[in-house]
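Here the structure comes first, spelled out in structure tokens, and everything after it is commentary.
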Amino acid sequence: MNESQLDKSTMLAKAREMEALLLDYIAGGPAQAPHYKRLRDELLGVGSLQSVMPQMLGKYEKLDDLWHAMKYQVASKIERQELIRREFEPLLEALEGSAAPKAEDKEFKEVTTEQLLKGWLRLEQQAMEPRRRLANGVGILVQVCSSIIDVHYRSAEIRGGNTDLAEVFEMAKDVLFASSAETDRQIMIADSVAGASALLKSLEEIREQCARGGVPETEQSALARAGADLALSCAMSLLSCWHMLRKLHGSE
């Protein structure tokens, strides 16, 4: 397939697909070796992009070979994912400059602090059944974590539609740690994430207590409100770190 057969928008989609495939594989997803080979052949077949092509694609014809090389060269999963992102960044930037509109601008809108505060205020002001209040607070926290993950990877495939609170929280933490690795804010991020983790632990204790039942009716409303506040405080802590890192990296 030659260059004239593929427009820039198509190549951008294929480059993002390849990046997502590798990120997903590194995170424990399926290998998809035949799909890797097909995308690799199509990307390497475009002569004008060779100067910005990820070196790993040119070097490793087989996905297994790429994986074994990364496993021995890079210690952690997060560092491997960051290496993939860095290698694909020049290619994606070159293609995004030619393909408009950018897909991530449409698909991966991040949650803003203002949106979170408005959601918090609505939850505070509305009268609702205790279980629903707690569930809504948890839902907002899941939404914030999911937004951080999807925007960071410019793909929803890494999260795979996962909305389990514990799992998306851990993934969002990984993103924050990875994004702070080359900044002078590592200690600040670590402290903030530790605080968010403590809030999450308290939230989970309240959720378990509510799930077991036996909470006196007179205490249910206050307990649910406390749980919702913990969820939203946790979300604000993560979101504040995320926006600070985005500004440091020039993404806002």
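Under this note's numbering, the first residue of the sequence shown is numbered 12, with each subsequent residue one higher. Beta carbons: idealized from backbone N, C-alpha and C, even for Gly.
{"Asked": "Cβ contact (3+ pairs, closer than 8 angstroms) linking the region 212-228 and the region 123-130", "Found": "no"}
{"Asked": "Three-state class that DSSP yields for residue 137 in the structure shown", "Found": "coil"}
{"Asked": "Neighbour-count burial assignment, residue 69, 16 or more Cβ in a 10 Å radius", "Found": "exposed"}
{"Asked": "Of the residues 184, 202, 246, the one placed nearest residue 214, counting alpha carbons only", "Found": "246"}
{"Asked": "Own chain partners of residue 99 with C-beta closer than 6 angstroms, once the 5 adjacent residues on each side are dropped", "Found": "30, 65"}
{"Asked": "Distance between beta carbons of residue 22 and residue 106, contact taken as under 8 angstroms", "Found": "6 angstroms"}
{"Asked": "Residue environment, residue 111, which counts as buried when at least 16 other CB atoms sit within 10 Å", "Found": "With a pLDDT of 42 at residue 111, under the threshold of 50, the modelled position of that residue is not reliable, and the figure given next carries that caveat. Residue 111 comes out exposed."}
{"Asked": "Range of the contiguous alpha helix (DSSP H) that encloses residue 40", "Found": "Per DSSP, residue 40 belongs to no alpha helix (DSSP H) and is neither H nor E."}
{"Asked": "Backbone secondary structure at residue 171 - three-state DSSP", "Found": "coil"}
{"Asked": "Residue 77 beta carbon less than 9 angstroms from that of residue 71", "Found": "yes"}
{"Asked": "Residue 115 versus residue 184 - alpha carbon distance", "Found": "Residue placement at residue 115 cannot be trusted, given a pLDDT of 43 that sits under 50; what the coordinates show is reported in the next sentence. Approximately 21 angstroms between the Cα atoms of the pair."}
{"Asked": "N- and C-terminal bounds of the alpha helix (DSSP H) containing residue 194", "Found": "Per DSSP, residue 194 belongs to no alpha helix (DSSP H) and is neither H nor E."}
{"Asked": "C-alpha gap between residue 149 and residue 173, whole angstroms", "Found": "14 angstroms"}
{"Asked": "N- and C-terminal bounds of the alpha helix (DSSP H) containing residue 47", "Found": "44-55"}
{"Asked": "Cβ-based neighbour list, residue 237, same chain, cut-off 8 angstroms, excluding 5 preceding and 5 following", "Found": "217"}
{"Asked": "The region 241-256 / the region 132-151 touching (three or more Cβ pairs under 8 angstroms)", "Found": "yes"}
{"Asked": "Under 9 angstroms between C-beta atoms of residue 252 and residue 179", "Found": "no"}
{"Asked": "Spatial distance of residue 160 from residue 167 (CA atoms)", "Found": "8 angstroms"}
{"Asked": "C-beta atoms of residue 46 and residue 32 nearer than 9 angstroms", "Found": "yes"}
{"Asked": "Residue 141, buried or exposed, once every other Cβ within 10 Å from all chains shown has been counted against 16", "Found": "buried"}
{"Asked": "Residue 101: first and last residue of the uninterrupted alpha helix (DSSP H) it sits in", "Found": "88-107"}
{"Asked": "Own chain residues within Cβ distance below 7 angstroms of residue 113, not counting five before or after", "Found": "Here residue 113 scores only 44 on pLDDT, less than 50, and its place in the model should not be relied on; the value that follows carries that caveat. Answer for residue 113: 107, listed in chain order."}
{"Asked": "C-beta atoms of residue 162 and residue 250 nearer than 9 angstroms", "Found": "no"}
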